[in-house]
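So the protein lines, in turn, are chains A, B and C. In terms of the numbering used here, the first sequence is residues 1 to 506. In terms of the numbering used here, the second sequence is residues 1001 to 1342. In terms of the numbering used here, the third sequence is residues 2001 to 2167. Structure record follows, encoded as structure tokens.
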Amino acid sequence: MEALNSLLQGFSVALSFTNIALMFAGVILGVIIGVLPGLGGANGVAILLPLTFSMAQTPGGQTSAIILLSCIYWGALFGGAITSILFNIPGEPWSVATTFDGYPLAQKGRAGTALTAAFTSSFVGAAVGVIVITFLSPIVAEFALEFGPPEFFGVYLLTFCAFVGMSKEAPFKTIVAMMLGFALAAVGTDTVTGTLRLTFGTATLLTGFDFLVAVIGLFGIGEILLTLEEGLEFKGASARINVKVVFETWRELPRYWITSLRSATIGCFMGIVPGGATPASFMSYGTAMRFSKDGEKFGSGVVEGVVAPETAAHAAGTSALLPMLTLGVPGSPTAAVLLGGLLIWGLEPGPLLFVEQKNFVWGLIASMYLGNVAGLIVVLTCVPLFAAILRIPFSVIAPIIIVICAIGSYTVHNATFDIYMMVVFGIIGYLFKKVRYPLAPLVLAVVLGDRAEASFRQAMLMSHGDMSIFFSNKLVGGLTSLALILLFWPMASGAVALLRNRLRRE
Amino acid sequence: MNPFTSVSRFGTLISAGAALLGAVTVPALAQGWQPTKTVEFIVPAGTGGGADQMARAIQGIVAKYNLMKQPMVVINKRGGSGAEGFLDVKSSKGDPHKIIITLSNLFTTPLATGVPFNWRDLTPVKMLALDEFVLWVNADTPYKSAKDYIAAVKKAGPGKMNMGGTGSKQEDQIITAAIEKRTGVKFTYIPFKGGGTVAVQLVGKHVNSSVNNPIEAVAHWRGGKLRPLCVFDTQRIPYKEKMTSTMSWHDIPTCKETGLDVNYLMLRGIFMAGGVTPDQVSYYINLLRKVRETSEWKALMAKGAFNQTSMEGQEYADWVAKAEAEHIALMKAAGFMAGQKK
Amino acid sequence: MSEANDKRAALGEKTAELVIAGFTFVLGAIVAFDSWRLGARWVEDGPQTGYFPFYVGLIICFASIVNFVTALLAGKKGRAFVKVGQLKLVLSVLVPSAVYVGLVGWLGIYVPSILYIASFMLWLGKYPWWKALLVSVGTSVFFYSVFELWFQVPLPKGPIESLLGIA
């Protein structure tokens, strides 16, 4: 009950008129950042840091400053889903999985439903994340310490295994797509030995292929090219634009409570570890597809396929703030900049933050509750506005989207080369889609490839090349076993089905 | 005559007067060069690391005290162990609107990867501080001194104890190699992506020790999770404020005192592109001098237990040249040079 | 061109499958080759730098061969990968986009964006010139304000911005 008292105290700190105004300002700014692929939460936070310096010096100002910054973070989390659903372009890495069902829904004219489902699930995920932070923070922080290189590899392996095998395309096409993703992820500096790989002596390849460039090209540009075959218009333009759609979607959502719960659990786990919001969204989508009654329909535009990744991404994004505060390890680049902010204001993230800066910490946690509510209100009221974007004629919005994509690709590394790569990826995305090579495994491999390899090799250094390290304790053994079970699940269930068929025939 | 023009004329007069006054009080600012557009502050490392934190602190201080008319933006270019950032500045020859903060990868990256750049392609501006390195172990372990720990490593046998560090063939691994050379022990070096991660891995007992910078590990030290054994400097850290109930930074012995004769300091300095004018360099020297006088900067120095040595001009260039020679020697000895077989 | 001609296949699906399998094979081979150069063995302290990429490359090559053979054996020769009419539409956007991207390297992002959006609206959308001008210039000005002024994210700029003194 001590947590509850502290939280109430926190609410009294956070609930001032200025702070609530800052919350809405932060959320709106964050949504803009989330929508434009060229801007990340890191940009928004970085730009406001100087402003918050002077804020942090007034009494209680530190709390106001962090409220402003963390609300940008919420806004960006919400905003990432918008372009994923409307144009198949993920504004942020963690909304890639949202495109899988969100975009088909929009094409069917149900953009409003998809947006409402995405925003509401985000809210639910974040709420679960905050509750975990509120009541379990000491236990959870200790748990994160259990994770060394083999455990991280276990987590990544689990993500892959949850996701592969769900592709309906030819297995060898899936393999090619996934392996190409790994190859792309390997380009650049090898983190373990510091040597350059697959750069062929060029300076442009030093930085490797960024995930966002690949995704913007493969999904965004590729999709525009595909749409073009049908003529110069977007499908789904006939979307009903009406606030009523929010309430209709809400009536449907409780049906997916199991998926929500599972996704929130996955998200919190991945956030605390910290494995990150992006793998969390993929893992959650994969498991939802596997365990849902409507698993077959995933990918063709079902609401459940939007609920799963969005809930997990937000639960992860939120609970990732816990290791940041207690251990000083940021779970994302945005969190890293937030962390920089804390340090500059003279707050020191670490085990003592909860003891020494009680008011600040609980003010922040309280602001998470409030900021999340503020975010939901802002984005839900804008659903009709967002859906209306689809009504803009194709020949106006398409070039603008391509310009946005170009800006987004450029800003990743400030490199014009990435804009060229975006077009190349766009062509590849178009061709692959047409001959039915799945793109999702490729993207997942680009995201996780180098991280998985780095943890594998760190683990191998620790064990001197002994593979048994992946079963050396309960935690890593459990993760690895779970991953293997998930991997072989489709084969096992396939074998069972085959056997049953044969028996029936006899 | 339009009233607005007269107002604006009057405004010009005032500002001209102010400039004149300024010329009297701060000669260095009013005469000579000033930035005419946004200044890009390149960080050849990722977000959240030591260099990034320092760059963002400088950006914040400059903005807060309005030290520069034009905005300053921090841009991270971490690709290829920082080569991306250095190559960018190298290729912007003569561009006075770009400055870069360095860490040891100024020397180590070209040596280890063979990427073609050298600090001589850049113009040294000012050394801001030197970053200390401390040998840390988990507080639950029995090692009370560097001597105890090295003895234990020796006893465990070659490669049995893990040293966690940031990156590969960079400062942390160089220090590890230097320790190995002095004492004859052999660690298994495990590279991680960032210093904060290394500290957490040490708290979680996934590695046996680390050579984290003070700022990366201080929170865990204060939380009673880590124990500092010695600092890799010739003198003790001067900050005497108590960090834990019993210890201050000054209470950590130097490694040399405990019989481990290894010293290493990391440059936190500012460079510009090659081919810039002396006027432009002195503008940034002045700017950074002002930054160093602020209370925010002093707080950052104390928090990170930085060695506050600072140099400019020829003295700085000579220091960098010497440091480069030391790095070549250290890296050669460790077998970290590009194309060198271990 | 006639309506019938537009519905003719510009490229057979089989050909496309074969070309793509060949393309991925070449990529796989390049990856495997360069990784072997770096060292791709399993040494005492685990895999070397090129170990994973090397096998990734090999797997790509192998799977590409399977895909190639599958496509060769499959009898769906007649199906169109893309029809002439479709291809024309796709190229009518792809080619200007490629030109646009090429121009960005030279002129910065703002001026080519104006040209690109305006020409897209004029030719494909058949809008009057003043509307095209309004939207294209408006978009560039908007992005300039958001990125350069508000968030201080520098985007590529070219000689024209230098002339205007905003580079």
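The beta-carbon is built from N, C-alpha and C at its ideal position, and this holds for glycine as well.
Less than 8 Å between the C-beta atoms of residue i and residue j, yes or no?
i       : j       : result
G129/A  : A312/A  : no
K1155/B : Y1316/B : no
M1068/B : V1043/B : no
W1136/B : S1248/B : no
M422/A  : I216/A  : yes
V2135/C : I2109/C : no
R1236/B : I1252/B : yes
L390/A  : A114/A  : no
P93/A   : G2125/C : no
A1338/B : Y1239/B : no
Using the C-alpha atoms, what's the distance from residue j back to residue i?
i       : j       : result
W1033/B : D1279/B : 6 Å
V435/A  : P149/A  : 38 Å
T116/A  : V383/A  : 7 Å
Y1143/B : M178/A  : 47 Å
D1140/B : C161/A  : 37 Å
L2149/C : I258/A  : 46 Å
I514/A  : F153/A  : Chain A is shown only over 1 to 506; residue 514/A falls outside these bounds and no answer can be derived.
A398/A  : W74/A   : 28 Å
F209/A  : L184/A  : 6 Å
W250/A  : G1223/B : 45 Å
A118/A  : Y256/A  : 13 Å
P1003/B : R1292/B : In this prediction, P1003/B scores a pLDDT of 37, lower than 50, which makes its location untrustworthy; the coordinate-derived value is nonetheless stated afterwards. Whole-angstrom Cα-Cα distance: 44 Å.
T63/A   : G10/A   : 10 Å
K433/A  : A214/A  : 14 Å
A452/A  : G1049/B : 21 Å
V1281/B : V2095/C : 46 Å
G305/A  : Y2100/C : 36 Å
E1180/B : F488/A  : 45 Å
L1029/B : T202/A  : No answer about L1029/B holds up, because its pLDDT of 46 lies below 50 and its placement is not dependable.
Give a yes or no on whether 8 Å exceeds the smallest Cβ distance from residue i to chain B.
i       : result
P2154/C : yes
N473/A  : no
M491/A  : no
A183/A  : no
E169/A  : no
If I'm right that residue i touches residue j with Cβ under 8 Å, what's the distance once you round it to whole angstroms?
i       : j       : result
V35/A   : G91/A   : 5 Å
I72/A   : G38/A   : Rounded, the Cβ-Cβ distance is 16 Å, inconsistent with contact.
L364/A  : I139/A  : With 8 Å as the limit, L364/A and I139/A do not qualify as a contact, their Cβ atoms being about 19 Å apart.
G2028/C : S2064/C : 6 Å
F2025/C : C2061/C : 5 Å
F123/A  : N372/A  : 6 Å
Please confirm if residue i has its CB atom under 8 Å from at least one CB of chain C.
i       : result
T1258/B : no
P1071/B : yes
N501/A  : no
V423/A  : yes
Hey, does residue i have any beta-carbon neighbour from chain A nearer than 8 Å?
i       : result
E2017/C : yes
N2005/C : no
V1276/B : no
P1191/B : yes
H1327/B : no
W2042/C : yes
Y2144/C : no
Q1201/B : yes
K1390/B : As displayed, chain B neither begins before 1001 nor continues past 1342, which places residue 1390/B out of reach and without an answer.
P2053/C : yes
If you reduce the DSSP assignment to three classes, tell me which class residue i lands in.
i       : result
G2105/C : helix
R1953/C : An answer regarding residue 1953/C cannot be provided, because it is not within the stretch 2001 to 2167 covered by chain C.
G188/A  : strand
V1125/B : strand
T1025/B : Note that T1025/B scores a pLDDT of 41, beneath 50, so its modelled location is shaky and nothing firm can be said.
W257/A  : helix
I1237/B : coil
For residue i, return the contacting residues in chain D, with the cut-off set at a CB-CB distance below 7 Å.
i       : result
T1038/B : Of the protein chains in this structure, namely A, B and C, none is chain D.
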